[in-house]
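Colleague: Quick note on the working numbering: the sequence shown kicks off at 3 and runs consecutively.
All residues carry an ideal CB built from backbone N, CA and C; glycine is no exception.
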Amino acid sequence: MQLKTYIAPGRAARPSARATTVEPGRVNHHSQLVVRRAGRAADDLQGQNIYVLRCNGCGHEYGEAGIRVWQRKCPVCDGGKPGLPVPAEEPSLFDSL
Ligand SMILES: [Zn+2]
3 MQLKTYIAPG RAARPSARAT TVEPGRVNHH SQLVVRRAGR AADDLQGQNI
53 YVLRCNGCGH EYGEAGIRVW QRKCPVCDGG KPGLPVPAEE PSLFDSL
């Protein structure tokens, strides 16, 4: 068997860790439904949006950062971590740094 060594030019490889396409209506591998985007994330995840997830198993709703949505397990019936508090849908008028 022969191994092909190929060096991709530039940054052709897609950074999968940053591919965070989260759309309402999608369901992840743990049967967690994306309900809607809720707003900005907490301080430890700046730049991330919070999404409201609903467990198809027990109906529990909770928040999670977009980058973690696809690996999320239900905190109630599937042993996942407790969900994030869901921020208000209306952003503040003074939503600045
Ligand atoms: Zn559940």
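Name the residue from Pro87, Glu63 and Ile69 whose alpha carbon lies nearest to the alpha carbon of Ser33.
Modeller: Comparing Cα positions, the closest option is Glu63.
Colleague: Which residues have their C-beta within less than 6 Å of a heavy atom of ligand 1, listed in chain order?
Modeller: My final list is Cys57, Gly59, Cys60, His62, Cys76, Val78, Cys79 and Asp80.
Colleague: Can the beta-carbon of Val37 be found closer than 9 Å to that of Trp72?
Modeller: In this structure, Trp72 does not lie closer than 9 Å to Val37 by Cβ.
Colleague: Candidates Gly59, Asn30 and Cys60: which alpha carbon is nearest Tyr53's?
Modeller: Minimum Cα distance to Tyr53 is reached at Asn30.
Colleague: Excluding the five sequence neighbours on either side, which residues of its own chain have a C-beta within less than 6 Å of the C-beta of Arg28, listed in chain order?
Modeller: Taken in chain order, the residues that qualify are Val36.
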